[in-house]
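Under mature numbering (1 follows the signal peptide of the UniProt record, and there is no 0), the residues of the sequence shown are numbered -45 to -1, 1 to 72, in order.
Each residue gets a CB set at the ideal place from its N, CA and C atoms; glycine is no exception.
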Amino acid sequence: MAATVYSSRELNKTEKTVDHRSSNTMKFQALFFLLLLACMHLSMAQGSYGNCCLKHVAGLKKNTKRNVMSYRIQETDGDCNIKAVVFMLKKRKTVCANPSQKWVQNLMTVVDKQQSN
């Protein structure tokens, strides 16, 4: 069997090629990692609207008002953009209303009286 003999110049060329490839791979991995971190940061910065009211209803029918079990106040701090009263209805439905409207304030009073009895 004949052994292949490489000159030092050929070995240096091979090492440089391998170093160049691994350097490019590391650069790509670092760039990918930074992009992933940036995407995660942006998604967390946007917030989640999963539990926030995005708009108010104009009013409720009498039958719907009777189905109100409780309510909570949504403030504009944190993830939510509008102030709202979130009425919880039977069958786990929610309705968002403007807290400055008179019918909303009246319904809140009715619910408070029902819960105190």
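Cα-Cα separation, residue i to residue j
{"i": "THR(-13)", "j": "ASP34", "result": "Rather than Thr, the amino acid found at residue -13 in this sequence is Phe. Whole-angstrom Cα-Cα distance: 27 Å."}
{"i": "residue 74", "j": "LEU(-15)", "result": "What the structure shows of the chain is the stretch from -45 to 72, and residue 74 is not part of that stretch, so it cannot be assessed."}
{"i": "THR31", "j": "ALA13", "result": "20 Å"}
{"i": "TYR26", "j": "MET43", "result": "6 Å"}
{"i": "LEU(-11)", "j": "LYS(-19)", "result": "12 Å"}
{"i": "GLN69", "j": "VAL59", "result": "15 Å"}
{"i": "SER55", "j": "MET(-6)", "result": "37 Å"}
{"i": "GLU67", "j": "MET24", "result": "Residue 67 is actually Asp in this sequence, not Glu. The alpha-carbon atoms of ASP67 and MET24 are separated by roughly 10 Å."}
{"i": "LYS20", "j": "THR64", "result": "12 Å"}
{"i": "THR49", "j": "LEU62", "result": "14 Å"}
{"i": "ASN53", "j": "SER(-24)", "result": "60 Å"}
{"i": "GLN(-17)", "j": "VAL(-41)", "result": "35 Å"}
Residues near residue i by beta carbon distance below 7 Å, same chain, minus five either side
{"i": "GLN29", "result": "CYS7, CYS8, CYS35, LYS38, ALA39 and VAL41"}
{"i": "ARG47", "result": "none"}
{"i": "LEU15", "result": "VAL50"}
Chain C contact for residue i (CB, 9 Å cutoff)
{"i": "LYS46", "result": "Within the model displayed, chain C is absent; a lone protein chain is all it includes."}
Proximity below 9 Å, CB of residue i to CB of residue j
{"i": "LYS10", "j": "CYS51", "result": "yes"}
{"i": "ASN22", "j": "LYS45", "result": "yes"}
Same chain, Cβ closer than 6 Å to residue i, neighbours up to 5 away in sequence not counted
{"i": "LYS57", "result": "none"}
Sequence-distant residues of its chain with Cβ nearer than 8 Å to residue i (five each side left out)
{"i": "THR(-22)", "result": "Reading the sequence as shown, one finds Asn at residue -22 and not Thr. Nothing meets the Cβ criterion."}
Ranges of the beta strand (DSSP E) found wholly within the stretch 26 to 67, counting only runs of at least 3 = 39 to 44 and 49 to 52
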